[in-house]
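> Structure provided below as C-alpha cells; questions to follow.
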Amino acid sequence: MTTMTTLTSQPAVLLRRVLISIALFAAVGSQPACADEADTTRDAILNDPAAPVAGNPKGDLTIVTFFDYNCPFCKKAEPNLERLVKADGKIRLVYKDWPILTEASISGAQLVLAAKYQGKYDVAHQALMNIPGTKISAEQMREAIKASGIDMDRMDADLKEHADEITALLRRNLAQADSLGLQGTPAYLVGQYKVTSALNYDGFKKAVADARALAAKH
Amino acid sequence: MAYASSGSSIAMPRIRLLRIVLFLLAFSICVPVSAQSGNPPPADQVFSLTASRSTEGGLQLDWRIAPGDYLYRDKIAVKPAGGETVAVTTPPGQIKDDPTFGATEVYHDHVAANVAAAGLPAIGQVIVIYQGCAERGICYPPVRKSIDLATMAVTNGVAADPLRGIEAAVPNESRVGSPANISGPDDIASATTRLLSGHVLGMLAAFFGFGLLLSFTPCVFPMIPILSGMLARSGEHLSAKRGFVLSGAYVLAMALAYAALGIAAAWSGQNLQIALQTPTALGVISLVFVALALSMFGFYDLQLPASWADRLSGTVAGKSGSIGGAALLGFGSALIVGPCVTPPLAAALLYVAQTGDLARGAAALFALGLGMGVPLLAFGTFGAGLLPKSGPWLVRIKHVFGFVFIAMAVWMLSRVTPEWLTFELWGACLIGLGLYLGATSALSKKFWCNCRVGPEIPGAIALVCGALLLFGSIPGNDLLRSLPILDSCKTNDEAAAGIDVQTVTSLATFDAAMTTARVTGKPVLLDFSANWCVECKIVDRNVFGNKTVRERMRDVVLIRADMTDYNDDSRALMQRFNVVGPPTMIFLDAQADREIPETRTVGPVDADAFISKIASARGS
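Residue numbers (my numbering), protein chains in the order written: chain Z, 2 to 219; chain L, 5 to 624.
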C-alpha cells in the first residue's frame, strides 16, 4: 500500500521524488553515428521505424517508454501516461518493449509486436498492461490478447513470418536501454529528460512541461 | 587485425568521454529540475549478496537490501552450474498485497537463505538468481551471481541474454528451457570431475586408462627416441630385464612428474608445465640434449658415479646405463618434451587447484602418467630384448641417437626461436649429418649393408638439403618460400590465412577485441595458443587449414589468446576462462559475454569435431 500512496497523493513530495531520477540523455544523441553504434543513437531510439508509435505523430515532444509486461510499476503508470498523451494532444509516444523481468515477458512482447502487423498493437498492449500482477504466465497473456478481440490465427502467422524482424526489434530495444544506462522497468525518455521510475499523472505532466521548457531554451 | 582492435579501443573511450562531458554540460543546465541526480543504482548494488558455509555444510546466502528496495521471496533460485534448480530454504517474507501487484512475499533490509549440502556438488560453481524492485517505482531484471563452492567467492554470473531463447526461428516453442546458462568451464571437466570425486580405485583406473589412450598421441611420441637413446647408451648389458628396469625408471619418473604438476598447481596456482615453456627453460633442456648427443658420439661418458648407479639399480654393475639418468630424463620429458594439455590433465589440474585435495589430484595424475608410460615400458622391455647383444653396430646406433638428440634440441628450441633461425639450425644439423655420413662412408660400408649404394648418397642429399635450408632461410631471402615442399611447414598465421585473427595477450586487449566483436553479432572463438605449443600447430594445420572450417569461420570472430610469453597477463586471461593451457578453444557469445555451453575443446581436435562445435556455437 505504501507504493500506492506514494504514487497517488502528496504531489509536492512526489514531484521531488519522481524527478530524482530525471537526467538528460542528450549526450546519447551526440555520438558520432558510426556503424557499430547505429542502433543506439538518439535518432535510432526516437525514430526506429519498426517501433510502435501512438499519440500525435507530428507532436512537438516525444516520449519513449521502456516497459515489461510483468512490471507492476509499468502497469500502474501506464494509464497516467496514456491519459496525458491524450489530454496534451501534441505528444508523440514511442513504445519500447523491453522484456527483462521474466521469461513470459518476452513471449508477451512477441505476441503484442505480432499484433502490430494487423494494426492492433495498442489493443494487445493495453490487454497485457491491464492484467494486474507480476507473475503473469505466457498462457495468461495469450488468453488476455485473445479476449481483446485480436485475430489470433493472423497473429500467430505474423509471429512466424516476422519472427526475425520482431527479434531484431527487441534486440535493438535492449541495446538502446543498455546504452542509456537503464537499470530496470519502467523508464521513460521525455524530450531531453530520462526518467527512471514510474510517475503519476502530475509527474508526467511536470516532466513534459520541463522538457518543453528546456527545448525552448535551445 | 590487431590494429583494428586497438584502433577501436582508442576510439571507444573518446566517445565515452565526449558523452560524459556533454552529459555534465547538459546536467548543469537542468539542475533546477532534477535537484537530485541520475540513474538508480544497478540491481547489483541494491541487493548485495554474500555466501558462506552453513554449520551443516550447506550453503548460506545473505542479502543486504538497500533502504526502499525489496527482494521477491519466490524469485530466489539456486542451481549448480549446468544443473537443475535445487531447493532453497527461505524465511517467510512480508506480504505485499496490492491490486496492481497481486499478493507477493518480499524481503526488506536483510534476508538469509539456506541450501542443503545434499543438493550441491562438492566443487564447482553454483548460480544464484534473485530479483526485486524499488518502492519508488522501478523493477530490476533478475540478478545472476556465481558462487565458487571452494572459496565462497561471489562473482558476477554472466548476464543471461534475455532474448537468447527466441533467436531460433520458432518463437513459441523455443523459449522453453532455462535462460540461466552460466560462464562455467564445466563441459570439459564435468565427466572427469565426477570421476575425481568418486571412488579412489575407480578414479585411478580411469586415469590410467586415459593415460593409455594419450600414449598414442604426439604427447608421447617424442619420448620414444629419448628412451631408445637411453637404452642404446646403456650398451652391451641390454637384456630385456635391464630394458624393463630402465624404462620402468623412466616411466615412473614421468608419472611422478605429472603428480608433481598437480602439487605445483595446487601450491602455486600455476601450471608448472607451462611455466617451463619459457625460453630459458627450453634453452637449458636443449643444452642437456646436446650434451646427451655429444656423449652418444663418444666425446665423453655421461653417467652417474658407479656407486650411485649400483645403489639405485641394486645390481652388481658392470657398465650400467644409469637408472638415475633414466629417471631424470623421464621426469624432464614429461614436463618439457611433451607439453600436452588434454582434457583429463586439465580436469585433474583444475580439480586440484579448486579443491586443494592434493592427494587425490596427484594420485590421479600419477595414474595418468603410468598409463601414458605403458607402451614405453613395453617398447623398452621387448624392443631391447630383440636387439642383438653386441657388436660394432652399437656404436653406429649410438651415433644415430646422437643425431636424434641434436634434432630434439633443435625441435625444443623451435618453440621459441624465430622461424628462420630454426631453419638455419635444421640446415646445420643436416649438413653435420651429411658430413658424418660422407666421412664414414668408406669404412662403414660393411656395417650399413652390402648393397652398392653406400651412405654417401643419403649423405649427399642431407648436405644439399642442409645447404638449401642454411642459405635459403637467411632473413630477407625468399628462396624457401618458393619451395612447394615447405608447404607443410606453414606457421600458425599462414595456416589460418584467410581467417581474420585478432591476437590478444592480456585481459585489456581481450576486452577491446570483444567490444569490436560484439558489434558483429557473431559468436567469438577464443583460441588459446602459443608458439611453443606443438599441439597448437597441429590443430592449426588440421583445423584452420581445412577448407570447410575456413568457410564456416566466416561467421565466427577469431580471437587468439597468445600464451607464448607466459606472464601475469597471459595467466590472468587463462584464469578468467579457467584454462589450463593451450591448445584450448572456447566459443563465446559476445552479446551475452558468456561461454557457449558444450563448445569448449581442450587439447587436440580434428576438423570434423571442430565443425560440429562451430555449428552448435552458431545454433545457440
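The beta carbon of each residue, even a glycine, is placed where N, CA and C say it ideally should be.
(1) On the criterion of 16 or more Cβ atoms from any shown chain inside 10 Å, does Z/Ile101 qualify as buried, or is it exposed?
(2) Going by other Cβ atoms of all chains shown within 10 Å of its Cβ, with 16 needed for buried, is Z/Lys59 buried or exposed?
(3) Where Z/Asp157 and L/Phe514 are concerned, what is the direct C-alpha to C-alpha distance, given to the nearest angstrom?
(4) Which residue comes first and which comes last in the beta strand (DSSP E) that contains L/Glu109?
(5) Between Z/Arg173 and Z/Leu183, what straight-line distance do the alpha-carbon atoms span, to the nearest angstrom?
(6) Quick one: measure Cβ to Cβ for L/Met376 and L/Gly213, integer angstroms, because I've assumed they're closer than 8 Å.
(7) Taking just the CA atoms, how far does L/Ala47 sit from L/His114?
(8) Throw me the rounded Cβ distance for the Z/Asp159 and Z/Ala115 pair, which I believe falls under 8 Å.
(9) Would you kindly work out how many angstroms separate the C-alpha atoms of L/Cys469 and L/Ile461, rounded to a whole number?
(10) Is the Cβ of L/Cys540 closer than 8 Å to any Cβ of chain Z?
(11) Throw me the rounded Cβ distance for the Z/Gly192 and Z/Leu170 pair, which I believe falls under 8 Å.
(12) Give the DSSP bridge partners of L/Ala116, in chain order.
(13) For L/Val50 versus L/Tyr144, is the C-beta spacing smaller than 8 Å?
(14) Which residue's Cα is closest to the Cα of L/Ile127: L/Thr155, L/Gly106, L/Glu139, L/Asp593?
(15) For L/Thr426 and L/Phe591, I'd like the C-alpha separation in whole angstroms.
(16) Determine, using beta carbons only, whether Z/Ile64 and Z/Tyr189 come nearer to each other than 8 Å.
(17) Which of the three DSSP states, helix, strand or coil, is assigned to L/Ala47?
(18) Using a Cβ-Cβ cut-off of 8 Å, state whether Z/Thr186 counts as contacting chain L.
(19) Please identify the residue among L/Ala368, L/Val606, L/Ser337, L/Thr588 whose C-alpha is closest to the C-alpha of L/Ala352.
(20) Is there a Cβ of chain Z sitting closer than 8 Å to that of L/Ala594, yes or no?
(21) Looking at the structure shown, is L/Met258 part of a helix, part of a strand, or coil, going by DSSP?
(22) Contact between the region 248-262 of chain L and the region 428-440 of chain L: three or more CB pairs below 8 Å?
(23) Indicate the three-state DSSP secondary structure (helix, strand or coil) for L/Phe301 in the structure shown.
(24) So, does the CB of L/Pro527 fall closer than 8 Å to a CB anywhere in chain B?
(25) Can you find the residues in the same chain that come closer than 7 Å, C-beta to C-beta, to L/Ala371, ignoring five residues on each side of it along the sequence?
(26) Cβ closer than 9 Å: which chain Z residues qualify as neighbours of L/Ala47?
(27) Of the residues L/Gly72, L/Val158, L/Gly97, L/Gly62, which one's Cα is nearest the Cα of L/Ala120?
(28) Work out the CA separation of L/Asp566 and L/Leu417 for me, nearest whole Å.
(29) Less than 8 Å between the C-beta atoms of L/Ala621 and L/Val553, yes or no?
(30) Would you mind reading off the limits of the alpha helix (DSSP H) that contains L/Val378?
(31) With respect to the alpha helix (DSSP H) encompassing L/Gly334, which residues constitute its N-terminal and C-terminal limits?
(32) Does the beta-carbon of L/Gln98 have 16 or more other beta-carbons within 10 angstroms, so that it is buried, or is it exposed?
(33) Please report the residue range of the beta strand (DSSP E) in which L/Gln129 lies.
(34) Quick check: what's the CA-CA separation for L/Val147 versus L/Gly365?
(35) Once DSSP output is grouped into helix, strand and coil, what is the label at L/Thr59?
(36) Do Z/Thr135 and L/Ile142 have their beta-carbon atoms positioned less than 8 Å apart in this structure?
On the basis of the supplied data:
(1) buried
(2) exposed
(3) Just so you know, the alpha carbons of Z/Asp157 and L/Phe514 end up roughly 42 Å apart.
(4) Where L/Glu109 is concerned, the enclosing beta strand (DSSP E) stretches over 108-111.
(5) 14 Å
(6) Approximately 11 Å separates the beta-carbon atoms of L/Met376 and L/Gly213; this is outside 8 Å, ruling out the contact.
(7) 15 Å
(8) Taking the Cβ atoms as the reference, Z/Asp159 lies roughly 4 Å from Z/Ala115, within the contact range of under 8 Å.
(9) 12 Å
(10) no
(11) Contact flag wrong, Cβ pair sits at about 23 Å.
(12) L/Asp66
(13) yes
(14) L/Thr155
(15) 33 Å
(16) yes
(17) helix
(18) yes
(19) L/Ala368
(20) no
(21) Looking at L/Met258 - three-state DSSP - the assignment turns out to be helix.
(22) no
(23) coil
(24) Annotation note: the requested chain B is absent from the structure, which comprises protein chains Z and L.
(25) Leu208, Phe211, Phe212, Gly215
(26) In chain order: Gln184, Gly185.
(27) Taking only the C-alpha atoms, the option nearest L/Ala120 is L/Gly62.
(28) Those two C-alpha atoms are separated by around 18 Å.
(29) no
(30) Element bounds for L/Val378: 362-382.
(31) 327-336 is the extent of the alpha helix (DSSP H) around L/Gly334.
(32) exposed
(33) 129-134
(34) When only Cα atoms are considered, L/Val147 and L/Gly365 end up about 34 Å apart.
(35) coil
(36) no
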